[in-house]
Amino acid sequence: MSERKRQKRNNDNEKKSITITKFEQFPNELLLICFDYFDYYGLCQSFFGLNQRFDQLITYESKIHMDLESIPEQYFLTYCIQFHHLVMKSGKFPLSFQTNDQYRLDLMFADYFFKDKFSKLKSLTLQNIKVDSVYEFIFDKDTKLYENLQRINLMNIECEKSNSANLLTYNLISPKMKSLTYLNMNFQPCSPCKCGYNNASLEINLKAGSIVSYGTGANAISFRTAEHAVSSLR
Numbered sequence: 142m143s144e145r146k147r148q149k150r151n152n153d154n155e156k157k158s159i160t161i162t163k164f165e166q167f168p169n170e171l172l173l174i175c176f177d178y179f180d181y182y183g184l185c186q187s188f189f190g191l192n193q194r195f196d197q198l199i200t201y202e203s204k205i206h207m208d209l210e211s212i213p214e215q216y217f218l219t220y221c222i223q224f225h226h227l228v229m230k231s232g233k234f235p236l237s238f239q240t241n242d243q244y245r246l247d248l249m250f251a252d253y254f255f256k257d258k259f260s261k262l263k264s265l266t267l268q269n270i271k272v273d274s275v276y277e278f279i280f281d282k283d284t285k286l287y288e289n290l291q292r293i294n295l296m297n298i299e300c301e302k303s304n305s306a307n308l309l310t311y312n313l314i315s316p317k318m319k320s321l322t323y324l325n326m327n328f329q330p331c332s333p334c335k336c337g338y339n340n341a342s343l344e345i346n347l348k349a350g351s352i353v354s355y356g357t358g359a360n361a362i363s364f365r366t367a368e369h370a371v372s373s374l375r
């Protein structure tokens, strides 16, 4: 046999030994790991309706990560209705939630049927939201988010009254936060500044029992208060 024919046969054998695995052939465990990288709207838009197996996994087994900014404005209300029906059907609750839209947060939280669905949140990220709205969202007596939240990121929180900022800060670093392991918050007051919380920031890793970083402003968060809170929650 010529060298050329031998090489061709070897190449043909190599091609036959290659197995092409399609995405839908992945085991459920691997699919769910992949799905976990999507927010829930993106997940449904990308995979829901492709086949019955995907639909079952998305409806009953995938984790719900909500990012309100991923939802186009023209579809927001429709998605909210569909999401409500989906949660009622599956019995699942969102595990993480993030938004930088005050209107959308108010719209969802004003509806009791939606508010009730946030009671199992583990992670919360809010940006450019009024400090009073943040407080009401976390410390609502019906949902009791403060009992289950593990990670909180509050960025560029709008602060007009120092009392409101103090109240939020005090409660976030109090024993009331039973499950909290990480807190990062930053205040950006409205212009002109009325409260003195100009660029005040605090990052605490409660799991490690340490203050990671601390930024000061005119009347910024008390370092002593934060340090005491970390000690009491170890």
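Residue numbers (the numbering used here): 142 to 375. Think of the CB as a built atom: it goes at the ideal place given N, C-alpha and C, for glycine as much as any other residue.
Taking the DSSP output, what are the residues bridged to residue i?
i: residue 328; result: 298
i: residue 229; result: Residue 229 is not bridged to any residue.
i: residue 186; result: Answer is none; residue 186 lacks a bridge partner.
i: residue 293; result: 265, 324
i: residue 282; result: DSSP lists no partner for residue 282.
i: residue 271; result: 299
Around the C-beta of residue i, are 16 or more other C-beta atoms found within 10 angstroms, so that it is buried, or is it exposed?
i: residue 320; result: exposed
i: residue 298; result: buried
i: residue 203; result: buried
i: residue 318; result: buried
i: residue 219; result: exposed
i: residue 168; result: exposed
i: residue 354; result: Annotation note: pLDDT 48 at residue 354 (below 50); position unreliable, no value reported.
i: residue 295; result: buried
i: residue 249; result: buried
Kindly indicate which three-state DSSP category residue i falls into: helix, strand or coil?
i: residue 240; result: strand
i: residue 207; result: strand
i: residue 258; result: helix
i: residue 247; result: helix
i: residue 179; result: coil
i: residue 217; result: helix
i: residue 169; result: helix
i: residue 195; result: helix
i: residue 371; result: With a pLDDT of 48 at residue 371, under the threshold of 50, the modelled position of this residue cannot be trusted; read the value that follows with caution. Here residue 371 sits in helix by DSSP.
i: residue 310; result: helix
Restricting to Cα atoms, I'd like to know which of the options is closest to residue i.
i: residue 346; options: 328, 314, 167, 217; result: 314
i: residue 241; options: 305, 165, 233, 274; result: 274
i: residue 256; options: 295, 263, 329, 285; result: 285
i: residue 201; options: 318, 294, 233; result: 233
i: residue 193; options: 165, 252, 235, 311; result: 165
i: residue 238; options: 311, 304, 180; result: 180
i: residue 261; options: 290, 281, 244; result: 290
i: residue 419; options: 278, 264, 271; result: An answer regarding residue 419 cannot be provided, because it is not within the stretch 142 to 375 covered by the chain.
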